[in-house]
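In my numbering, the protein residues as written are 104 to 225. Where is the CB? At the ideal position from N, CA and C, for every residue including glycine.
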């Protein structure tokens, strides 16, 4: 089981942004639970998600898959999906798999929250 901290922010235009901060390992034993949490937040709370990975010291392919699925879910509803504060040990996985080019990744939670929600061109 993975512990996931959840915060909610309201932007200047009144949109809600959900920040999820999983704690520990995001791997085959915890990725499904995290995936369900992402789905729940996107479908029930807000299409705008920031995932703070500062307390995730290990991520495997299952963890990356849950993040990709969350990004796709947010895209389907014209939302936004950003990642921030990637733990140094997990950052290497993003670089080796080239997922650092797939996701919007920010150094800090504050930077990730700036400009959310982004404008979507129709």
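#### Entry: Identity of the residue in 183, 117, 144 and 193 nearest residue 123 by Cα
For the purposes of this step, residue 123 is taken as residue 20 along the chain shown, with counting starting at 1. The shortest C-alpha separation from residue 123 is found at 144.
- Item | residue 156: first and last residue of the uninterrupted beta strand (DSSP E) it sits in | What you label residue 156 is simply residue 53 of the chain shown in a count that begins at 1. Careful: residue 156 lies outside any beta strand (DSSP E) and carries neither H nor E.
Just tell me which of 202, 152, 207 and 177 has its CA closest to the CA of residue 162. What you label residue 162 is simply residue 59 of the chain shown in a count that begins at 1. The candidate whose alpha carbon is nearest that of residue 162 is 202.
* Asked: Could you give the distance in angstroms between the alpha-carbon of residue 169 and the alpha-carbon of residue 114?
  -> Here residue 169 is taken as the residue at index 66 of the chain shown, counted from 1. Here residue 114 is taken as the residue at index 11 of the chain shown, counted from 1. About 26 angstroms.
Given 8 angstroms, three or more beta-carbon pairs between the stretch 136-143 and the stretch 206-213: no
I'd like to know whether the C-beta atoms of residue 159 and residue 193 end up nearer to each other than 8 angstroms. To locate residue 159, count along the chain shown from 1; it is residue 56. To locate residue 193, count along the chain shown from 1; it is residue 90. Yes.
Exercise for review: For residue 191, name the three-state secondary structure that DSSP assigns.
Suggested key: Position 88 of the chain shown, counted from the first residue, corresponds to residue 191. Three-state result, residue 191: helix.
task = Using three-state DSSP, classify residue 184 as helix, strand or coil.
result = In the chain shown, counting from the first residue as 1, residue 184 sits at position 81. Of the three classes helix, strand and coil, the one that applies to residue 184 here is strand, per DSSP.
What is the rounded straight-line gap between the Cα of residue 165 and the Cα of residue 110? Your numbering for residue 165 matches position 62 in the chain shown. Your numbering for residue 110 matches position 7 in the chain shown. About 24 angstroms.
Would you give the residue range spanned by the alpha helix (DSSP H) that residue 171 belongs to? For this step, residue 171 is matched to residue 68 along the chain shown. Segment 164-179, the alpha helix (DSSP H) holding residue 171.
*Presumed contact (8 angstroms Cβ cut-off) between residue 218 and residue 188, rounded CB distance*: As a working mapping, residue 218 is identified with position 115 in the chain shown. As a working mapping, residue 188 is identified with position 85 in the chain shown. Not really, about 17 angstroms apart at Cβ, beyond 8 angstroms.
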